[in-house]
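Data block below; observations after.
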Amino acid sequence: VEQQQSSGGGAALDQVAYYAGAVAAMFVLLSAVHGASSLHEDRESGIVDRVLAGPGGMGPLVDGRALFLIAQGVAQASLIFGVAWLAYGVDLPARVGPWSLVTSGLAVAAAGLTLLVATLCRTARQSHTISNVAVLVVSAIGGSMVPRFLMPPWLQQAGWATPNAWAIEGFDRALQAGGLWTTALPATAVLITVGLGAWVAAHLLARRWETV
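Below, the structure written as structure tokens:
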């Protein structure tokens with residue numbers, strides 16, 4: 001039997017860091033659902049009509065909502081990892097740089113994807129329902145509910161199609177003691193690319209409301 005000696009408490013801290021990342025990924029996505037779906041409430045309340053009376057069109061409304069959701073996601077992840085640091089000893093201050101990269105990527109992905117779903121839907125209720133179901137599904141597949149290493153190999157591979165898996169992987173690499181900043185860059189790049197792509201698509205889809 002091959003034996004490896006680990007540092008004291010390292011395994012426990014790794015578990016805390018994993019679950020902090022898993023919880024952050026799921027709840028940042030869930031909380032973004034309401035903010036993105038509220039675009040439909042703006043339409044129903046007449047806010048969109050007043051915005052369209054100006055020269056900006058739907059673009060500033062979508063972009064402003066996206067920036068708010070990004071700030072909200074960063075604040076949520078900061079709170080979750082702050083508890084992991086203060087209560088469970090995760091060394092966040094020593095790795096705050098790479099952690100910030102992954103957190104920003106997660107927030108951008110959550111904002112872009114939820115806005116895309118919202119602009120694809122016709123009503124706020126439809127947007128809420130579809131977005132919540134989608135978040136729960138990707139969270140289950142991506143490792144936010146059950147660790148991915150406990151899943152069968154084919155499901156582990158399927159998890160890479162979710163933002164949760166990339167966020168969890170990114171946080172794991174970012175918080176590794178002695179690791180380089182560059183180890184968190186691949187996951188961050190994927191999250192930001194997906195988020196920005198979805199944001200642009202939502203921006204374009206929202207333009208159809210300018211003529212409705």
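If you're matching positions, the sequence shown starts at 1 in this note's numbering and goes up one per residue. Ideal Cβ positions, reconstructed from N, Cα and C, are used throughout, including at glycine.
Same chain, Cβ closer than 6 Å to residue i, five either side skipped, listed in chain order
i	result
Thr162	Val138, Ile141, Gly142
Leu69	Ala32, Gly35, Ala111
Asp42	Val48
Ala217	Absent from the structure is residue 217, since the part of the chain shown begins at 1 and ends at 212.
Val135	Leu29, Leu30
C-alpha distance - residue i paired with residue j, whole-angstrom precision
i	j	result
Val96	Gly159	26 Å
Leu67	Trp209	20 Å
Ala25	Gly178	24 Å
Phe171	Val102	6 Å
Val133	Leu29	11 Å
Val51	His40	14 Å
Leu205	Trp199	10 Å
Pro55	Arg148	48 Å
Asp63	Ser78	23 Å
Ile80	Gln72	12 Å
Val74	Ala53	33 Å
Gly9	Val194	For Gly9, the pLDDT reaches just 44, beneath the cut-off of 50, and the residue's location in the model is therefore unreliable, although a value from the coordinates is still provided. Spanning the two alpha carbons is a distance of roughly 36 Å.
Gly57	Ala189	30 Å
Ala187	Gly89	24 Å
Val117	Leu180	35 Å
Val23	Arg207	34 Å
Contacting residues, own chain, Cβ-Cβ under 7 Å from residue i (five flanking each side not counted)
i	result
Leu196	Val108, Gly112
Gly59	His203
Met145	Ser139
Which listed residue (the options) has its alpha carbon closest to that of residue i
i	options	result
Asp91	Cys121, Leu106, Ala17	Ala17
Ser131	Leu115, Val146, Ala20	Leu115
His203	Val48, Pro55, Leu61	Leu61
Leu120	Phe27, Gln15, Ala201, Val28	Ala201
Gln235	Gln156, Trp85, Leu185, Thr123	Residue 235 lies beyond the stretch modelled for the chain, which goes from 1 to 212, so this question has no answer here.
Ala87	Ala20, Val194, Thr188	Ala20
Arg173	Val135, Met145, Val48, Pro98	Pro98
Ser45	Thr123, Val23, Ala187	Thr123
Ala94	Gln176, Gln76, Pro153, Met151	Gln176
Gln76	Gly89, Phe27, Ser37	Phe27
Sequence-distant residues of its chain with Cβ nearer than 8 Å to residue i (five each side left out)
i	result
Leu191	Val102, Gly105, Leu106, Val108, Ala109, Pro163, Trp166, Ala167, Gly170
Gly82	Leu92
Ser38	Arg65, Ala124
Residue i - containing alpha helix (DSSP H), residue span
i	result
Val102	96-120
Ala140	124-142
Glu169	163-174
Leu86	59-88
Thr193	185-206
Pro214	Beyond the ends of the chain as shown, which are 1 and 212, falls residue 214; an answer cannot be given.
Below-8 Å beta-carbon distance, residue i vs any chain C residue
i	result
Ala111	In the displayed structure, chain C is absent; only one protein chain is listed.
Cβ contact (3+ pairs, closer than 8 Å) linking the stretch 26-37 and the stretch 121-131: yes
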